[in-house]
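Numbering (our numbering), first residue to last: 23 to 322.
The structure is reproduced here in structure tokens:
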């Protein structure tokens, strides 16, 4: 059988009709999206802002279309060319939602948003770095430098009036102890149209977190006794004050590093003796004070 162009046209029409019937009568699916708002046709020399940056949009369409369409480029486009300086409530029409073909908008929430149009001003502002997370135990921030320290901001006059500085996005310090450098953007501020530059360099140097600690009722060990003799410390309220890196200032580490003790190597008979407390020399934990410095020891 010979297939002519006429036959091909007929087959194409039949296929198109079948596809149309499938779309019209096929199963529909509803979706919920949070859609960004884009303000367009802003008057020259002005800036337009809104508090509602994401709008909840319900839509429906044939299931096969919903499953195969990409919705990451959907946005709401609002023309603000007719808004004079000030704030006005703008209604969002379904046509303002730029949906893929074949997808119908069924609900918009909120249905209107407040848009403020204001004169545009350029203003230099200081940059304030912000941080998240804790450095490695025993370390803390030593110094912070931001380059540049000042950025130029294009913003709505009324919105920028009370702002003294711009914060960066959080710099993550988790587990850090060596110097770090981050190129990081600035936080979003309502009414800010543009910052120059858009990102800054944040340099952070860490240092050891040195603190003091006081231990009460310090355990003091008698050492050096001849075989056959035992000893116990009678002074039970020895107070030790030390300093060092904060992660090392627990009682077990202090005891292991300093080994507080009294030397009884010159004792060869039972009795009560008074001896000075001695400690190991240490570069990581410093002894600031010990009271009393001499304790009574019973040898038996």
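C-beta: ideal position from N, C-alpha, C; glycine also.
Delimiting residues of the beta strand (DSSP E) encompassing residue i
i           : result
residue 224 : 221-230
residue 135 : 134-150
residue 128 : 126-131
residue 243 : 243-245
CA nearest to the CA of residue i, picked from the options
i           : options               : result
residue 88  : 96, 124, 60 and 97    : 124
residue 234 : 273, 246 and 223      : 273
residue 208 : 200, 217, 201 and 202 : 217
residue 241 : 32, 257, 28 and 72    : 257
residue 172 : 183, 189 and 165      : 189
residue 214 : 198, 187, 104 and 239 : 187
residue 72  : 132, 170, 167 and 79  : 132
residue 55  : 74, 312 and 78        : 78
residue 107 : 142, 121 and 115      : 142
residue 66  : 262, 271, 178 and 301 : 178
residue 238 : 219, 220, 262 and 100 : 262
residue 301 : 292, 295, 294 and 315 : 315
residue 292 : 254, 28, 151 and 31   : 254
residue 199 : 151, 211, 157 and 33  : 157
Beta-carbon spacing of residue i, residue j below 9 Å
i           : j           : result
residue 139 : residue 64  : yes
residue 309 : residue 264 : yes
residue 112 : residue 102 : yes
residue 307 : residue 289 : no
residue 244 : residue 284 : yes
residue 53  : residue 93  : yes
residue 192 : residue 225 : no
residue 246 : residue 286 : yes
residue 321 : residue 252 : yes
residue 230 : residue 162 : yes
residue 223 : residue 205 : yes
residue 105 : residue 70  : yes
residue 57  : residue 135 : no
residue 129 : residue 80  : yes
residue 137 : residue 110 : yes
residue 282 : residue 312 : yes
residue 159 : residue 269 : yes
residue 117 : residue 82  : no
residue 153 : residue 115 : no
residue 76  : residue 100 : no
Residue i (DSSP reduced to helix, strand or coil)
i           : result
residue 50  : strand
residue 157 : coil
residue 23  : With a pLDDT of 47 at residue 23, under the threshold of 50, the predicted position of this residue should be treated as unreliable, though the coordinate-derived value follows. Note: residue 23 maps to coil in three-state DSSP.
residue 214 : strand
residue 269 : helix
residue 331 : Outside the displayed range of the chain (23 to 322) lies residue 331, so it cannot be described from this structure.
residue 279 : helix
residue 117 : helix
residue 33  : helix
residue 255 : strand
residue 176 : strand
residue 208 : strand
residue 75  : coil
residue 188 : strand
residue 233 : strand
residue 55  : strand
residue 14  : Residue 14 falls outside the range modelled here, since the chain spans only 23 to 322, and no answer is possible.
residue 102 : coil
residue 313 : strand
residue 193 : strand
residue 108 : strand
residue 319 : strand
residue 88  : helix
Residue i CB to nearest heavy atom of the ligand ATP below 8 Å
i          : result
residue 51 : With respect to small molecules bound, the structure shown includes none, and the ligand ATP cannot be examined in it.
Residue interval of the alpha helix (DSSP H) (run including residue i)
i           : result
residue 181 : 179-182
Residue-chain proximity (residue i, chain B), Cβ-Cβ < 9 Å
i           : result
residue 264 : Of the chains in the structure shown, none is chain B; there is only one protein chain.
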